[in-house]
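Trainee: Residue numbering for the sequence shown follows UniProt numbering, beginning at 1 and increasing consecutively.
Glycine included, every Cβ here is placed at the ideal spot set by N, Cα and C.
These figures come from a predicted structure and were not determined experimentally.
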Amino acid sequence: MCPSKFCKKETLDRHVQLHTSGVDMWHCVECGKNFTKLTLLLTHMKWHATDKPHPCHLCPAGFKYKCDLDVHMLTHTGEKPHKCPECARQFARSGDLNRHMRSIHDRAKITTASSVNRVEITMPSNTPTSLHPLHHDK
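(1) Check whether the Cβ atoms of His48 and Glu30 sit closer than 8 Å, and answer yes or no.
(2) Look at Ala61 and His44 and say whether their C-beta atoms are less than 8 Å apart.
(3) Beta-carbon within less than 8 Å of Cys56's beta-carbon, same chain only, minus the 5 sequence neighbours each way: which residues are those?
(4) Specify, as a first and last residue, the run of the alpha helix (DSSP H) that Leu64 falls within.
(5) On the premise that Leu12 lies in contact with Trp26, defined as a C-beta separation below 8 Å, what is that separation, rounded to the nearest angstrom?
(6) Flag this pair as yes or no: are the beta carbons of Tyr65 and His54 separated by less than 8 Å?
(7) Below 8 Å on the Cβ atoms is my contact criterion, and I expect Ala88 with Glu79 to pass it. Report the Cβ-Cβ distance as a whole number of Å.
Here it is as C-alpha coordinates:
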(Lines of atoms letter the chains of each structure in order from A and count residues from 1; the text may use other names and numbers.)
(Lines give C-alpha, C1' and ligand atoms only; values in the text may rest on other atoms or scores of the structure.)
Protein backbone atom coordinates (compact mmCIF):
# COMPACT_ATOMS: atom_id res chain seq x y z
CA MET A 1 0.00 0.00 0.00
CA CYS A 2 1.31 3.44 -0.90
CA PRO A 3 1.78 5.74 2.14
CA SER A 4 1.36 8.97 0.16
CA LYS A 5 -1.27 11.48 1.30
CA PHE A 6 -2.71 14.39 -0.65
CA CYS A 7 -4.88 17.41 0.13
CA LYS A 8 -6.28 17.85 -3.37
CA LYS A 9 -8.16 15.26 -5.40
CA GLU A 10 -6.32 16.30 -8.58
CA THR A 11 -2.97 15.55 -6.97
CA LEU A 12 -4.21 12.16 -5.75
CA ASP A 13 -5.57 11.33 -9.22
CA ARG A 14 -2.24 12.22 -10.85
CA HIS A 15 -0.41 10.07 -8.28
CA VAL A 16 -2.76 7.10 -8.84
CA GLN A 17 -2.06 7.36 -12.59
CA LEU A 18 1.64 6.88 -11.86
CA HIS A 19 0.88 3.62 -10.05
CA THR A 20 -1.52 2.32 -12.69
CA SER A 21 0.67 3.29 -15.66
CA GLY A 22 3.34 0.77 -14.70
CA VAL A 23 5.95 3.45 -13.98
CA ASP A 24 8.55 2.22 -11.50
CA MET A 25 8.59 4.29 -8.34
CA TRP A 26 11.69 5.07 -6.29
CA HIS A 27 10.88 5.18 -2.58
CA CYS A 28 12.57 7.38 0.07
CA VAL A 29 13.19 5.27 3.18
CA GLU A 30 13.46 8.42 5.34
CA CYS A 31 10.06 10.01 4.71
CA GLY A 32 8.09 7.73 2.38
CA LYS A 33 7.99 10.03 -0.64
CA ASN A 34 7.98 8.34 -4.04
CA PHE A 35 9.79 9.47 -7.17
CA THR A 36 9.50 8.46 -10.81
CA LYS A 37 13.24 8.85 -11.44
CA LEU A 38 16.23 7.68 -9.45
CA THR A 39 17.96 11.04 -9.99
CA LEU A 40 15.03 12.81 -8.29
CA LEU A 41 15.25 10.44 -5.32
CA LEU A 42 19.02 11.00 -5.02
CA THR A 43 18.56 14.79 -5.06
CA HIS A 44 15.85 14.43 -2.42
CA MET A 45 18.07 12.21 -0.24
CA LYS A 46 20.69 14.99 -0.11
CA TRP A 47 18.05 17.11 1.62
CA HIS A 48 17.77 14.49 4.37
CA ALA A 49 21.57 14.38 4.78
CA THR A 50 21.93 18.17 5.07
CA ASP A 51 22.68 19.62 8.49
CA LYS A 52 19.56 21.45 9.72
CA PRO A 53 20.45 23.71 12.64
CA HIS A 54 17.05 25.47 12.56
CA PRO A 55 14.39 23.00 13.77
CA CYS A 56 10.67 23.74 13.83
CA HIS A 57 9.34 23.54 17.38
CA LEU A 58 5.88 22.52 16.14
CA CYS A 59 6.72 19.60 13.84
CA PRO A 60 9.70 17.38 12.90
CA ALA A 61 10.87 19.68 10.08
CA GLY A 62 14.31 21.24 10.20
CA PHE A 63 16.04 23.75 7.95
CA LYS A 64 19.54 24.68 6.91
CA TYR A 65 18.71 28.39 6.83
CA LYS A 66 16.63 30.43 9.29
CA CYS A 67 14.83 32.21 6.44
CA ASP A 68 13.49 28.82 5.28
CA LEU A 69 12.24 28.11 8.81
CA ASP A 70 10.54 31.52 8.84
CA VAL A 71 8.69 30.70 5.61
CA HIS A 72 7.83 27.22 6.94
CA MET A 73 6.29 28.74 10.08
CA LEU A 74 3.65 30.36 7.87
CA THR A 75 2.23 26.86 7.32
CA HIS A 76 1.56 26.63 11.06
CA THR A 77 0.24 30.17 11.58
CA GLY A 78 -1.88 30.16 8.42
CA GLU A 79 -0.57 33.63 7.56
CA LYS A 80 -0.64 34.44 3.84
CA PRO A 81 1.14 37.77 3.36
CA HIS A 82 1.40 37.61 -0.46
CA LYS A 83 -1.84 38.91 -2.01
CA CYS A 84 -2.81 38.65 -5.65
CA PRO A 85 -3.49 42.12 -7.08
CA GLU A 86 -5.97 40.65 -9.59
CA CYS A 87 -8.20 38.49 -7.37
CA ALA A 88 -8.79 37.64 -3.72
CA ARG A 89 -6.26 34.78 -3.48
CA GLN A 90 -3.51 35.00 -0.86
CA PHE A 91 -0.33 32.93 -0.52
CA ALA A 92 2.19 32.11 2.18
CA ARG A 93 5.09 32.04 -0.30
CA SER A 94 5.96 34.62 -2.95
CA GLY A 95 6.84 31.83 -5.40
CA ASP A 96 3.32 30.44 -5.09
CA LEU A 97 1.89 33.88 -5.88
CA ASN A 98 4.16 34.20 -8.92
CA ARG A 99 3.13 30.73 -10.16
CA HIS A 100 -0.53 31.73 -9.66
CA MET A 101 0.02 34.92 -11.66
CA ARG A 102 1.63 33.00 -14.53
CA SER A 103 -0.96 30.22 -14.68
CA ILE A 104 -4.16 32.11 -13.84
CA HIS A 105 -3.61 35.73 -14.86
CA ASP A 106 -0.97 35.11 -17.58
CA ARG A 107 1.51 37.56 -16.08
CA ALA A 108 5.20 36.84 -15.76
CA LYS A 109 6.02 38.14 -12.28
CA ILE A 110 4.70 40.37 -9.55
CA THR A 111 6.46 43.67 -9.22
CA THR A 112 5.48 46.38 -6.81
CA ALA A 113 6.12 49.98 -7.73
CA SER A 114 5.59 52.37 -4.88
CA SER A 115 7.64 55.13 -3.37
CA VAL A 116 8.20 52.92 -0.33
CA ASN A 117 10.05 50.34 -2.42
CA ARG A 118 12.25 52.75 -4.38
CA VAL A 119 15.88 53.27 -3.50
CA GLU A 120 17.70 56.45 -4.41
CA ILE A 121 21.44 56.32 -4.93
CA THR A 122 23.43 59.50 -4.40
CA MET A 123 26.95 59.69 -5.75
CA PRO A 124 29.44 62.55 -5.56
CA SER A 125 29.16 64.95 -8.50
CA ASN A 126 32.81 64.36 -9.44
CA THR A 127 32.24 60.61 -9.96
CA PRO A 128 32.75 59.69 -13.63
CA THR A 129 29.43 58.98 -15.34
CA SER A 130 30.72 55.53 -16.34
CA LEU A 131 30.53 54.57 -12.65
CA HIS A 132 26.98 55.84 -12.18
CA PRO A 133 24.29 53.16 -12.21
CA LEU A 134 22.29 55.32 -14.63
CA HIS A 135 23.57 57.93 -17.08
CA HIS A 136 21.89 61.28 -16.74
CA ASP A 137 21.94 64.79 -18.21
CA LYS A 138 23.74 67.51 -16.27
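Mentor: So, to answer that:
(1) yes
(2) Cβ distance not < 8 Å, so Ala61 and His44 don't count as in contact.
(3) Apart from the 5 residues on each side of it in sequence, Cys56 sits with its Cβ closer than 8 Å to the Cβ of Gly62, Phe63, Leu69, His72, Met73 and His76 in its chain, given in chain order.
(4) Going by the sequence as given, residue 64 is Lys instead of Leu. No alpha helix (DSSP H) holds Lys64; DSSP gives it neither H nor E.
(5) About 19 Å separates the two Cβ atoms, so there is no contact after all.
(6) yes
(7) With 8 Å as the limit, Ala88 and Glu79 do not qualify as a contact, their Cβ atoms being about 16 Å apart.
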